[in-house]
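In the working numbering, each residue carries its 1-based index in the sequence shown increased by 579.
C-beta atoms are modelled at their ideal positions from N, C-alpha and C, and glycine is treated no differently.
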Amino acid sequence: MPQGWSVAGRRLEFGAAFPSGKLVVKHNGQVEHEQKLASQGTWDIPVDGTTYRLVRTKGFLAPKTELFSHDGDKVPPTNKLVTPSPAAAGSLCAAHGAAASSACARCGTFVCVQCAGPDRVHCQPCSERLITEAEKTAAAMAYLAPAPVLAIFGGLFLALLGAGAGLLAVFIAKRTESKALKIAAAVALYGVAVVVWLVLLAVLMPFNTSPR
Numbered sequence: 580m581p582q583g584w585s586v587a588g589r590r591l592e593f594g595a596a597f598p599s600g601k602l603v604v605k606h607n608g609q610v611e612h613e614q615k616l617a618s619q620g621t622w623d624i625p626v627d628g629t630t631y632r633l634v635r636t637k638g639f640l641a642p643k644t645e646l647f648s649h650d651g652d653k654v655p656p657t658n659k660l661v662t663p664s665p666a667a668a669g670s671l672c673a674a675h676g677a678a679a680s681s682a683c684a685r686c687g688t689f690v691c692v693q694c695a696g697p698d699r700v701h702c703q704p705c706s707e708r709l710i711t712e713a714e715k716t717a718a719a720m721a722y723l724a725p726a727p728v729l730a731i732f733g734g735l736f737l738a739l740l741g742a743g744a745g746l747l748a749v750f751i752a753k754r755t756e757s758k759a760l761k762i763a764a765a766v767a768l769y770g771v772a773v774v775v776w777l778v779l780l781a782v783l784m785p786f787n788t789s790p791r
């Protein structure tokens, strides 16, 4: 799924551009802002009259990219456009009883302007949960890193086996908090992939070397 953010009815998403892509801000399908990006740096992004800050830092597999509000709060990423839901007339903020401005797109809780999350789409608790989930997913994806290496050295067979091992390693990493278990599972799965590949080579080698 494409990486991006939903902010106040706008969609912030990456596109191809030199040197390292661009960020596009769209509203109702129309481009409001485009910003060319490098692999590292910070950029001020105007969104609905407010300035957000995009920060890119060096990552293990690719640049780590995060979006922050003008108050410095991290904005939760979304895989597609999520629009704010206006609160019904007379509804009150669940936190302190003030007039509600919107309903959280995730849980439906009524919030006022003060209690809305940094994206003005979710409530603060849901924003925090979404950020935690995104960070956990990003950390789990690191266990796919050995798969391309196996593909380079082992060709198609090992590439397929490595991809399968990597996907299983990511699946396990998402479902456990134990770093030791994550590493052990990844090492075991990639080890099995290499062993299976070696067995396949041993079985197929006689057919490739037999006289014709």
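- Fewer than three beta-carbon pairs drawn from the stretch 685–703 and the stretch 604–613 are found closer than 8 Å, and the two stretches are therefore not classed as touching.
- Its Cα nearest to that of Pro663, the residue Ala587 stands out among Thr716, Ala719, Ala587 and Val771.
- The beta carbon of Lys601 lies closer than 8 Å to those of Phe593, Gly594, Ala595, Glu613, Gln614, Lys615 and Leu616 in the same chain, with the five residues before and after it left out.
- Every unbroken stretch of the beta strand (DSSP E) spanning 3 or more residues and falling wholly within the stretch 603–671 is given here in chain order: 609–615, 620–626, 629–636 and 643–647.
- In the three-state reduction of the DSSP assignment, Val774 falls in the helix class, which pools H, G and I.
- By the C-beta density criterion, Ile731 is exposed, having fewer than 16 other C-beta atoms within 10 angstroms.
- Listed in chain order, the non-local C-beta contacts of Lys715 below 6 Å within the same chain number zero, local neighbours out to five positions each way being set aside.
- Counting along the chain, the unbroken alpha helix (DSSP H) around Leu746 starts and ends at Pro725 to Lys753.
- By the CB criterion at 8 Å, Ala772 and Gly743 fall inside the cutoff.
- Within a 10 Å sphere around the beta-carbon of Pro727 sit fewer than 16 other beta-carbons, which makes this residue exposed.
- Ala682 is the residue among Ala721, Ala682 and Ala717 whose C-alpha sits nearest the C-alpha of Cys702.
- DSSP places Arg589 inside the beta strand (DSSP E), whose first and last residues are Arg589 to Gly594.
- Lys753 has its alpha-carbon roughly 41 Å from the corresponding atom of Gly669.
- Bridge partners of Lys601 according to DSSP: Gly594 and Lys615.
- Where Ser706 is concerned, the enclosing alpha helix (DSSP H) starts and stops at Gln703 to Met720.
- Ala641 is classed as exposed because its beta carbon has fewer than 16 other beta carbons within 10 Å across all chains shown.
- Less than 8 Å separates the beta-carbon of Leu709 from that of Pro655.
- The C-alpha of Val749 is placed about 22 Å away from the C-alpha of Glu645.
- Put simply, of Val774, Leu747 and Glu756 the residue whose alpha carbon is nearest the alpha carbon of Ala764 is Leu747.
- Counting every other CB atom within 10 Å of its CB across the protein chains shown gives Pro625 a total below 16, marking it as exposed.
- Judged by beta-carbon spacing, Leu723 lies beyond the 8 Å limit of Trp776, meaning their Cβ atoms are not closer than that value.
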